[in-house]
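> Sequence lines, in order, name chains A and B.
Letter 190 of the first sequence, counting from 1, is numbered 190 in the working numbering, and no numbers are missing.
Letter 346 of the second sequence, counting from 1, is numbered 1346 in the working numbering, and no numbers are missing.
Glycine included, C-beta positions come from ideal geometry on N, C-alpha and C.
The structure under discussion is supplied below as structure tokens; questions concerning it will follow.
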Amino acid sequence: MTETANPADPAIRASGLRRSFGATPAVADLELEVAAGAVFGLLGPDGAGKSTLIRMLATVLRPDAGDAHVFGHSVISEAGKVTPRIGYMSQKFSMYPDLSVAENMEFFATIRGVSRADRRTRAATLLAGMGLDEFTTRQAQHLSGGMKQKLMLATTLMHEPDLLLLDEPTTGVDPVSRREFWRILAGLHRAGKTVLVATPYMDEAERCTQIAFLDRGQIKQSGTPEQIKARIPGRLVEVAATEPRAALAAVQGVPGVDSAHLLGDVVRVLWSGSAEPESVLRAALAAAGVGGAGTREVAPDMETVFAYLADSSAGSGNLLADPDEAPGTGVSP
Amino acid sequence: MRQALVRIGAIVRKEFRHLGRDPRMLLAVVITPVIQLLLFAYAISFDVDHVPTIVIDFDKSPSSQRYLRQYEASPFFEVVARGSSLADVDSAFDHNTARVAIVIPSGFARSLAGSESAQVAVMIDGSEPNAAKVSQAYAVALNQLYGQQLTRDWADAQGMDLSSLGLLEPRIRTWYNPERRSSDFLIPGLMAVIIAIVTVQQTAVTLVRERDLGTQEQLEVSPMRRIELMIGKLLPWTLIAFLDVALITVLGRTLFGVPLRGAAPAFALGAMLFVFASLGMGLLISALAPTLDSANMIALLVAFLPSFLLSGFAFALDQIPVWLQWISYGFPARYMVTIARGVFLKGAGFTELWPEMAALALYALVMLLISAVLYGRRSSR
Chain A
1 MTETANPADP
11 AIRASGLRRS
21 FGATPAVADL
31 ELEVAAGAVF
41 GLLGPDGAGK
51 STLIRMLATV
61 LRPDAGDAHV
71 FGHSVISEAG
81 KVTPRIGYMS
91 QKFSMYPDLS
101 VAENMEFFAT
111 IRGVSRADRR
121 TRAATLLAGM
131 GLDEFTTRQA
141 QHLSGGMKQK
151 LMLATTLMHE
161 PDLLLLDEPT
171 TGVDPVSRRE
181 FWRILAGLHR
191 AGKTVLVATP
201 YMDEAERCTQ
211 IAFLDRGQIK
221 QSGTPEQIKA
231 RIPGRLVEVA
241 ATEPRAALAA
251 VQGVPGVDSA
261 HLLGDVVRVL
271 WSGSAEPESV
281 LRAALAAAGV
291 GGAGTREVAP
301 DMETVFAYLA
311 DSSAGSGNLL
321 ADPDEAPGTG
331 VSP
Chain B
1001 MRQALVRIGA
1011 IVRKEFRHLG
1021 RDPRMLLAVV
1031 ITPVIQLLLF
1041 AYAISFDVDH
1051 VPTIVIDFDK
1061 SPSSQRYLRQ
1071 YEASPFFEVV
1081 ARGSSLADVD
1091 SAFDHNTARV
1101 AIVIPSGFAR
1111 SLAGSESAQV
1121 AVMIDGSEPN
1131 AAKVSQAYAV
1141 ALNQLYGQQL
1151 TRDWADAQGM
1161 DLSSLGLLEP
1171 RIRTWYNPER
1181 RSSDFLIPGL
1191 MAVIIAIVTV
1201 QQTAVTLVRE
1211 RDLGTQEQLE
1221 VSPMRRIELM
1231 IGKLLPWTLI
1241 AFLDVALITV
1251 LGRTLFGVPL
1261 RGAAPAFALG
1271 AMLFVFASLG
1281 MGLLISALAP
1291 TLDSANMIAL
1301 LVAFLPSFLL
1311 SGFAFALDQI
1321 PVWLQWISYG
1331 FPARYMVTIA
1341 RGVFLKGAGF
1351 TELWPEMAAL
1361 ALYALVMLLI
1371 SAVLYGRRSS
1381 R
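In structure tokens, the structure reads:
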């Protein structure tokens, strides 16, 4: 690579970053810091500004105001020093559909300045590592969704970037391929790469060392998944019943129940009452004549957090605690 | 510098791969020019000869028969029928069996003998104006010749020696294309049309396609400069355009016997400048067009139509309205048609054609500069 990372520099530091499309601000005065070596998950509903943020960090979109520094280099004035260090994977499949897997990797690596010898060895390693080695001669347009995403990731890795900017890399990909994709990301994390990944999937957020919730162009919450979950007020109780819908109806409106919704065939109740939730809920279920019901208190997960944040997205930033310092939990392989 | 060449090489190789994988595109740039050549050279012929002619002789005299033999002897008219009434003319024109009718009224011989001016009706089917115009000209010429013949006969009969009398004899010669073969005229012009279509159309869509595929962003995060991308994109089409020019030249020479009278290097230089001008035009469209479809439409409007209609290829430029003539100066095709015809038919070289070449060079320079600036601005949004 062109130069070694100054350990003092975070992988990404953005301040006052703003970009509008027409009158609509997509990213509004955003502050962000991503430590080198992190797997940083960018969460948020569609239109929250995730893609706009990533494209600005990748230097393909100019900010209206503010600046972002990638490994200490400005994405505006030093784009030429930023691009060699980053690998950018857009949300849309952006390979040549009529070129084969090998030809696509070869082409993008060549224009990235990777030497012929390196191209050969790295392509072989990456393709084998991603299980694509049987498909090197297949045209990109004939790959499955999961294979397409792996091809893009492999191509992005050919010039050995230190920071990966991945815009919803697993959207529209089957669950098996998604797990596979994250297994590869975990490997990159162990190898010391920094990953910024936008995702709509809450289970993927759990695998990040650091996450941020983006809403209307601003970061509303950030921290480790544990820290974020700990900020959920109240307790989470799962109610299993033979008739989940009846159970849901029975618990709704019980004093102390903040919200209740179905997840699969269990009812998840967010409890903010002062009493012990399980006994209150069991009593309510019995009173409603719901049979075979069992309750269990569980730790809040990302799904709950997201539902909670979506409910309170009217903009009550009062949840906001300091995003912070505790090391992440690591990416589970 | 070496790195830049490697990157340009990668683009060129990739472009050729796209071309190889897309049979339609290959068809469009290699087969279509050949088909167009054959189509224009064979099917759309502006040649006028062996015009089917019906003759009606109401006079049936030796004089009238002698007069009609003029037409039978001429290669431009072919007497296909002899009618007995004027209704036959209608019928022959309606059924397209004849395009010209010669009607000799009764009393033709008597008028000639009585030193009156004899009248002959020549009727021409005007539904094909070009053929009609030429037929008319030939019929008039034939009649003049016959008139002179009659004068000489009369003088002989009177025992006069006309050689002492000066006679004005028009001798019309068509230069450069004496047989007026339309293929000689069309094929050099066709080169301009084909180059314009291949280069403008293809380069117009090439950058838009990168945007559509999303690969544009991947190119932007590489160290490749825009100028390298442009060169890499233009090189393959330059090569293909030259391939097409060579192909048409060879086919035109062998299949249609189109003469190449002038200096080939002058033609090559003219073609090269025209290729660059067209590529610049294509790039400009590519930088401006929001979608692939609009790029195709604009390319059709600014490449195909002007090179066809405003270049002198199909219509002589001094016969179109003045305001269209002015517009034609704004498109490079007219200069190329002039250069191609000049070199192929008139044997012209640099000395005669430098103004056209200078115009093309200027055009290419301006187009490439504007598109480089615009392309740079657009992609850094």
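1. Using a Cβ-Cβ distance cut-off of 8 Å, determine whether residue 1273 of chain B contacts chain A.
2. Sort out for me which residues DSSP pairs residue 88 of chain A with in a bridge.
3. Measuring only between beta-carbons, confirm whether residue 1100 of chain B sits less than 8 Å from chain A.
4. So residue 171 of chain A and residue 43 of chain A are in contact, right, with Cβ under 8 Å, and what is the actual spacing, rounded?
5. Less than 8 Å separating the beta-carbons of residue 25 of chain A and residue 217 of chain A?
6. Any idea if residue 1149 of chain B is buried or exposed, counting beta-carbon neighbours within 10 angstroms, 16 or more meaning buried?
7. Three-state secondary structure (DSSP) at residue 1020 of chain B?
8. Which of the residues in the stretch 1228-1248 of chain B, read from start to end, lie with their CB under 8 Å from any CB of chain A?
9. Taking one C-beta from the stretch 134-141 of chain A and one from the stretch 153-173 of chain A each time, how about it: are there three or more such pairs within less than 8 Å?
10. Alpha carbon to alpha carbon, how far is residue 281 of chain A from residue 104 of chain A?
11. Does the CB of residue 75 of chain A have a neighbour CB from chain B at under 8 Å?
12. Taking only three categories from DSSP, how would you classify residue 215 of chain A?
13. I need the DSSP call for residue 1095 of chain B, collapsed to helix, strand or coil.
14. Could you check the C-alpha separation between residue 257 of chain A and residue 270 of chain A for me, to the nearest Å?
15. Closer than 8 Å by C-beta to residue 1201 of chain B: which residues in its own chain qualify, once you throw out the five before and the five after it? Chain order, please.
16. In the stretch 1202-1216 of chain B, which residues sit with their C-beta less than 7 Å from some C-beta in chain A, listed in chain order?
17. Need the endpoints of the beta strand (DSSP E) that residue 1123 of chain B sits in, please.
18. Answer with yes or no whether the minimum CB distance from residue 179 of chain A to chain B is below 8 Å.
19. Any Cβ of chain B within less than 8 Å of the Cβ of residue 92 of chain A?
20. Does the pairing of the stretch 1089-1107 of chain B with the stretch 1058-1070 of chain B give three or more beta-carbon distances under 8 Å?
21. Specify, as a first and last residue, the run of the beta strand (DSSP E) that residue 238 of chain A falls within.
22. Could you list the residues in the stretch 145-173 of chain A with a C-beta less than 7 Å from some C-beta on chain B, going in chain order?
23. Within the present structure, is the beta-carbon of residue 59 of chain A separated from the nearest heavy atom of the ligand FAD by less than 7 Å?
24. Under three-state DSSP, which class holds residue 1087 of chain B?
25. Three or more beta-carbon pairs under 8 Å between the stretch 78-97 of chain A and the stretch 26-46 of chain A, yes or no?
26. For the stretch 5-26 of chain A, list every residue whose C-beta sits within 7 Å of some C-beta in chain B, in sequence order.
27. Kindly provide the ranges of any beta strand (DSSP E) runs that are 3 or more residues long and lie completely inside the stretch 61-107 of chain A, ordered along the chain.
28. Quickly, what does DSSP pair residue 196 of chain A with across the bridge? List them, please.
29. With burial defined as no fewer than 16 other Cβ atoms inside 10 Å of the residue's Cβ, what is the status of residue 149 of chain A: buried or exposed?
30. Roughly how many whole angstroms lie between the Cα atoms of residue 1122 of chain B and residue 1068 of chain B?
31. Where residue 1159 of chain B and residue 1356 of chain B are concerned, what is the direct C-alpha to C-alpha distance, given to the nearest angstrom?
32. Using a cut-off of 8 Å between C-beta atoms, extract the partners of residue 84 of chain A located in chain B.
33. Output, in chain order, the set of chain B residues within a Cβ distance shorter than 8 Å of residue 196 of chain A.
34. Which whole-angstrom value is the C-beta distance of residue 101 of chain A and residue 151 of chain A, which I expect to be below 8 Å?
35. Which whole-angstrom value describes the C-beta separation of residue 1275 of chain B and residue 1199 of chain B, a residue pair presumed to lie in contact below a C-beta threshold of 8 Å?
36. So which residues on chain A does residue 980 of chain B lean against when the C-beta distance must stay under 9 Å?
Answer, in terms of the structure:
1. no
2. A:165
3. With a threshold of 8 Å between beta carbons, residue 1100 of chain B makes no contact with chain A.
4. About 13 Å separates the two Cβ atoms, so there is no contact after all.
5. yes
6. Residue 1149 of chain B comes out exposed.
7. helix
8. none
9. no
10. 58 Å
11. no
12. strand
13. For residue 1095 of chain B, the three-state secondary structure derived from DSSP is coil.
14. 6 Å
15. 1028, 1282, 1296, 1299, 1300, 1303 and 1304
16. So the list reads 1213, 1214 and 1215, given in the order they occur along the chain.
17. 1121-1124
18. Not closer than 8 Å to any Cβ of chain B, the Cβ of residue 179 of chain A fails to qualify, so no.
19. Answer yes: the Cβ-Cβ gap between residue 92 of chain A and chain B drops below 8 Å somewhere.
20. These segments touch.
21. 235-240
22. none
23. This structure does not include the ligand FAD; it has no bound ligands of any sort.
24. helix
25. no
26. none
27. 65-70 and 86-89
28. A:40 and A:165
29. buried
30. Approximately 12 Å, taken between the alpha carbons.
31. 60 Å
32. 1223
33. Those do not exist, as residue 196 of chain A stays about 14 Å from chain B at its closest Cβ, beyond 8 Å.
34. 6 Å
35. 6 Å
36. Any answer about residue 980 of chain B is impossible in this case: the structure gives chain B only from 1001 up to 1381.
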